[in-house]
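For the protein sequence lines, the chains are Z and H, in the order given. Its first residue numbered 1, the first sequence is counted upward by one per residue in this note's numbering. Its first residue numbered 580, the second sequence is counted upward by one per residue in this note's numbering. For each residue, glycine too, the CB sits at the ideal point set by N, CA and C. The structure appears right after this line, and notes come after that.
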Amino acid sequence: MASVTLDLKLLQRLTKLSRLEIVETLTKLGFEIEGFEFENENEQEFKIQDLKQEEKLQSLKSLIIDVTPNRPDLLSTITIAQALKTFKTSKVSELKFENPAITVIIEESVKKVRPFTACCVVKGLNIDESILLDLIQLQEKLHLTLCRNRAKAAIGIYPLQSIKPPIRFKALKPETIKFKPLDFDKELNGLEILEKHAKGKAFKHLLQGEKLFPLFIDDQGKVLSMPPIINSADTGKVTLQTKEVFVEVSGFDLDFLNKVLLIIANAFSIIGGKIYKAKLIIKHENKTVTTPFKQGKRFKTDEALVKNINNLTGLSLNKRELKALLKRMGFIVEKSFVKVPEQRTDVLHWVDLAEDALIAFGYDNLDLQPVKTPGFGLQQRTSFLESKLVEFLISNGFVEVKTFHLTSPELFENCKALKPLTVENPASVEHSGLRNSLQPQLIQVLSKNTTSKYPQKIFDIGVVFKPVVNQGTIQEVQELKTLCLAITHSKASFTEVKQLLQALAEFFNLKIGFKPLNIEREILQQGCLSTKRSAQVFLNDKPLGFAGEVHPEILERFNFEKPIVIAELNLELLFKAIR
Amino acid sequence: MSNSTSVKDLKSIVQSLHALERKVLPFLKQDSSLEQLANASGLDKTSVLRALQWLQSKNLVELIFKEVKIAKPSDLGIAYKDKGLPEQIVLKTLLENTSQTNTKLEFGKALQLSNLSQQEFQAAIGVLKKKGLIFVSKTSEGLFLGLIDRDKALQSIENLAEFKVLQKLPVNLEFLSSEELEALKSLINRKKIVVIETSKQVIVKPSQVCKTLAEQFSTGGVEEFIDITPEVLKTKQWKHKKLRVLNVTSPVPKLLFGKKHLIRQAEEFIRQIWLSMGFKEMQGSLIQPSFWNFDALFVPQDHPAREMQDTYYLPFTLKVKHPVVRAVKKAHEQGVAGSTGWRYSWNEKLASKPVLRTHTTVLSALTLKDLKLEELPAKFFAIGHVFRNETLDWKHLFDFIQVEGIVVDENANMKQLKSYLTIFYKMLGYEDVKIKPSYFPYTEPSAEVLVLHKDEWLELGGCGILRPEVVQPLLGKPIPVLAWGLGLERAVLLKYNFKDVRQIYSQDIDFLRSLKAWV
Chain Z
1 MASVTLDLKL
11 LQRLTKLSRL
21 EIVETLTKLG
31 FEIEGFEFEN
41 ENEQEFKIQD
51 LKQEEKLQSL
61 KSLIIDVTPN
71 RPDLLSTITI
81 AQALKTFKTS
91 KVSELKFENP
101 AITVIIEESV
111 KKVRPFTACC
121 VVKGLNIDES
131 ILLDLIQLQE
141 KLHLTLCRNR
151 AKAAIGIYPL
161 QSIKPPIRFK
171 ALKPETIKFK
181 PLDFDKELNG
191 LEILEKHAKG
201 KAFKHLLQGE
211 KLFPLFIDDQ
221 GKVLSMPPII
231 NSADTGKVTL
241 QTKEVFVEVS
251 GFDLDFLNKV
261 LLIIANAFSI
271 IGGKIYKAKL
281 IIKHENKTVT
291 TPFKQGKRFK
301 TDEALVKNIN
311 NLTGLSLNKR
321 ELKALLKRMG
331 FIVEKSFVKV
341 PEQRTDVLHW
351 VDLAEDALIA
361 FGYDNLDLQP
371 VKTPGFGLQQ
381 RTSFLESKLV
391 EFLISNGFVE
401 VKTFHLTSPE
411 LFENCKALKP
421 LTVENPASVE
431 HSGLRNSLQP
441 QLIQVLSKNT
451 TSKYPQKIFD
461 IGVVFKPVVN
471 QGTIQEVQEL
481 KTLCLAITHS
491 KASFTEVKQL
501 LQALAEFFNL
511 KIGFKPLNIE
521 REILQQGCLS
531 TKRSAQVFLN
541 DKPLGFAGEV
551 HPEILERFNF
561 EKPIVIAELN
571 LELLFKAIR
Chain H
580 MSNSTSVKDL
590 KSIVQSLHAL
600 ERKVLPFLKQ
610 DSSLEQLANA
620 SGLDKTSVLR
630 ALQWLQSKNL
640 VELIFKEVKI
650 AKPSDLGIAY
660 KDKGLPEQIV
670 LKTLLENTSQ
680 TNTKLEFGKA
690 LQLSNLSQQE
700 FQAAIGVLKK
710 KGLIFVSKTS
720 EGLFLGLIDR
730 DKALQSIENL
740 AEFKVLQKLP
750 VNLEFLSSEE
760 LEALKSLINR
770 KKIVVIETSK
780 QVIVKPSQVC
790 KTLAEQFSTG
800 GVEEFIDITP
810 EVLKTKQWKH
820 KKLRVLNVTS
830 PVPKLLFGKK
840 HLIRQAEEFI
850 RQIWLSMGFK
860 EMQGSLIQPS
870 FWNFDALFVP
880 QDHPAREMQD
890 TYYLPFTLKV
900 KHPVVRAVKK
910 AHEQGVAGST
920 GWRYSWNEKL
930 ASKPVLRTHT
940 TVLSALTLKD
950 LKLEELPAKF
960 FAIGHVFRNE
970 TLDWKHLFDF
980 IQVEGIVVDE
990 NANMKQLKSY
1000 LTIFYKMLGY
1010 EDVKIKPSYF
1020 PYTEPSAEVL
1030 VLHKDEWLEL
1040 GGCGILRPEV
1050 VQPLLGKPIP
1060 VLAWGLGLER
1070 AVLLKYNFKD
1080 VRQIYSQDID
1090 FLRSLKAWV
């Protein structure tokens, strides 16, 4: 999701709609108003209900909406204006390109670092401040979303008048590159830009380690930019006086770069710009292409399409009705085809047409039907047995607690438990280890409750993770559903927990046995328990788990003043044995 | 009150007295503390307090809970209490080692004889000089100490106010006279002798009636009223003695009972809805290869959701060996079932990275993979944990529960989906449901579910029909599969009016005990 700021004045100018109509149409298209900015900064009185009043809407400067990732073509006021206008008027204009107006030579040297670029020229522009800001918004949001924070593609827009074509896209040793980057008053070399310039620091990782850095250079040797980092201050700044621009999108996959270029070209076209193609001479592929090239996606509007869309949506549209709905969503309807607008990158299948038709029809207008799919309900046996187990525990006064699967490795260390497997790149260390036992977390819960009422009896049922390691590499990680229970009060003892487990076995008509633990805690890897006062629990001669008293060393470490007894059982085994 | 209390009233009080009350009563002749009563009655403090609370509900005593300051001797204070304060020791040393004639004792010698530390000794000298009890003289032979008045010195040893108050410790400050307080203050000023602790104390003030009863009980002969006990039954006492009258309005201690967690209650409630709608339960592993979690759901390999910042990856490899792999690769690279596909080179290595599953939709994918066409139509549901690489805060959980259902049916469509949603959410407690356009990579059309909650439309789930690029490889045929789901915790937040998701996972046992049942 990307949030887009819609300049209301610009939106009205481009759509000729009232503010109320704008809000209504946005809602129909599925955009929710997530926020607003005021014309007058002192004004702060605005409620959601005020969105229904034209008069109140007048106090707003802009609306903020969320745009879903499938519609990068809508990341600006300008392009949203086009969608709204088309939805209201059904008027669609097809994106057109003029013959090449510029040549770009893609040299052999960029092959390794950034092999491709897709470019065009736009003429006949009349840019005012709101349009300039909106174009910058489009560029930034595209960088963030579709271009994956510039990793997949980077966009540059330059005033044509300061450039002398043809343009060369080449790569040079960074230390030999020299130009004045935007927002900087002196020349820097390629490496210095990465170290000193704000954008250089932010996107350093995209060029770091490369022997050659890519550059756009004009015929006089002037640097336009060093993608994907920064434009030149001399040639790379569009102003209100700019009438003609050169646009380039550089990256790795020409098809993809062309898609990004189509979105930008469409935006320029909406504000009256004429799009001229660029002739690209790709030296490392020994071929010449012109961009933007059309995707030319289209669907045959035959009976099959109408039937498919009706089947999927549940509507009963005829061909004419379907075409009318698609037209409102910006599709170019011809006699026997609908063409997908060139800036749409998300249409892969007729189901995408079906969704757009349904949006135009209105999700609210879908009527309800009796549901028809037969079937009988079936609960998994393990989930049924789990409820039975919980029934036993709560009837014995246990309070259920829920702990997370990811926990702190430090906690496990403090409980002398086995080191948990950690996930890669966790957002917080506190929750980075996949627990292999529930005991440490229950001890932690009790440690936070020393002032709560006693006696305390708690349990948790959850999955623990046991890595299977062979010759130092993890082969798989077993997941075991586990029960852990803990009891604490002044007189809590092994007897109490043994009584409980025997009662539990009886409840399920099972027989369990207890064997002493005559080993060191460290070897046992059940570090919480005092081995002299704990038992291994067996079910049909298979180890089911452990039960016993928590070692005083652990009690002291967590400042407990009362003894704790704990049991932890493997429920996979227990449930399998229940007949 | 005493005047208006008749003998009859007294009798009615007596016949409602609990055995504990009867044990405490004889000692309620005057104001006293809880500790005093416990000592006198031989009961533990908790029992005495229970008895007192019952007596209070009968208006027999007034209980005043207050914070009291207790002065206690420190370790040093305990030692002084035993052997005397340093100034007393110095005086004693001088008395024993000087005489009317030999009035002076050398400083170093005095220090040695006193057995005090240098610091204690010097402090004592200071105090004694101030009180005019000793003199210090400096001669060519050194520094000497002597007593000014031997009688006064002797008196001082015996009557030192600080020492006397020290003997009283530990003591409630309230019980000290102003002179004693003054002396205590000077001890406190000397540091490390006295510790002041505040503690809660219960002061018991018996009423006039209570005092009368106390007299009666201490002299004995008050008629005994019995409770129903094994003893009473065995000895058949109940036949000739009267049963004690219970005060059913008096408060009783809180019962600690077992409880299912809120999450489990919500899970069970929602599972019941699915079962009653004829859905079968799905379960599966929390760790899944990226292939089932993402690729099989047509999520392109460079999708932002697959980045490390959003997903928990695990450091090993889980290669999927299944015929579906080839079909999924084709769906991504060239498209299937009339789709153009994503058109990139699909990488099997990336698909083999294990993740903590990011959605329960992975279970739907696994179910579809095993489903045979002759088993259609079919309906499934899952309630399970999912994970997102987030920092825990009021709005975000990194480990939470998703609820999801699918309907696999040749005749399924968006109208059917909306109809299912209406039934499902109604059972969940929401009368009004609507859907609005949205986006998920694996459904088309996609929608967000909104419910009317307290006059406000709130988002409570997502839905859609699985894309043919998902279904074709898994099922072998692009049949419409309705899918919808919601975050369980969000439903709990709305139901319990919590503002912070962390409340749901609170580890405060008393808080968990206090939560009302999911009804």
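Nearest in C-alpha terms to residue 1072(H), of all of 1037(H), 1060(H), 1045(H), 1064(H), is 1037(H). Bridge partners of residue 1057(H) according to DSSP: none are assigned. When 7 Å is used as the limit between beta carbons, residue 1017(H) is near these residues of chain Z: 30, 68, in chain order.
Straight-line spacing of the CA atoms in residue 840(H) and residue 1085(H) works out to 10 Å. Nearest CB-CB separation between residue 126(Z) and chain H: not below the 8 Å threshold.
Nearest CB-CB separation between residue 99(Z) and chain H: not below the 8 Å threshold.
What residue 396(Z) touches in chain H, judged by beta-carbon distance under 7 Å, is 837, going in chain order. For residue 964(H), the nearest CB of chain Z lies under 8 Å from its own CB, placing it at the interface with that chain.
The three-state reading of DSSP puts residue 687(H) in helix, counting H, G and I together. Of 490(Z), 437(Z), 454(Z), 489(Z), the smallest CA-CA separation from residue 528(Z) is found for 437(Z). The C-beta distance from residue 465(Z) to residue 434(Z) rounds to 4 Å, short enough to fall under 8 Å. With a cutoff of 8 Å on beta-carbon distance, residue 240(Z) and residue 102(Z) are scored as not near each other. Residue-level contact by beta carbon fails for residue 409(Z) and chain H, as no gap is shorter than 8 Å.
Collapsing the DSSP output to three states places residue 310(Z) in a helix.
In this structure, DSSP gives residue 921(H) a state outside helix and strand, which the three-state scheme calls coil. Within the stretch 841-880 of chain H, the complete beta strand (DSSP E) runs of at least 3 residues fall at 866-868. Using beta-carbon distances, residue 86(Z) does not count as an interface residue toward chain H, since no partner is under 8 Å.
Across the structure, residue 488(Z) and residue 1087(H) are spaced so that their CA atoms are roughly 15 Å apart.
Of the candidates 799(H), 972(H), 822(H), 822(H) places its Cα closest to the Cα of residue 808(H).
Annotated three-state conformation of residue 476(Z) is strand, per DSSP. Here the stretch 871-880 of chain H lies against the stretch 1016-1023 of chain H, with 3 or more beta-carbon pairs under 8 Å apart. In chain order, 993, 994, 997 make up the part of chain H whose C-beta sits under 7 Å from the C-beta of residue 366(Z). For residue 506(Z), the closest alpha carbon among the candidates 490(Z), 389(Z), 405(Z) is that of 389(Z).
Bounds of the beta strand (DSSP E) holding residue 777(H) are 773-785. Residue 317(Z) and residue 355(Z) have their C-alpha atoms roughly 14 Å apart. Beta-carbon to beta-carbon, residue 961(H) and residue 861(H) are separated by about 4 Å, close enough to satisfy the 8 Å threshold. Scanning chain H for C-beta atoms nearer than 8 Å to the C-beta of residue 255(Z) yields 922, reported in chain order. Secondary structure of residue 226(Z) (DSSP, three-state): strand. Under the three-state reduction of DSSP output, residue 302(Z) falls in the coil class, being neither helix nor strand.
Of the other Cβ atoms in all chains shown, 16 or more fall within 10 Å of the Cβ of residue 945(H); this residue is therefore buried.
Comparing alpha-carbon positions, the option among 498(Z), 482(Z), 407(Z), 324(Z) lying closest to residue 88(Z) turns out to be 324(Z). Interface annotation, residue 885(H): not in contact with chain Z, CB-CB separation never under 8 Å. The C-beta distance from residue 672(H) to residue 693(H) rounds to 5 Å, short enough to meet the 8 Å contact threshold. Across the structure, residue 149(Z) and residue 143(Z) are spaced so that their CA atoms are roughly 5 Å apart. In this structure, the alpha-carbon of residue 124(Z) lies about 27 Å from that of residue 181(Z). Collapsing the DSSP output to three states places residue 568(Z) in a strand.
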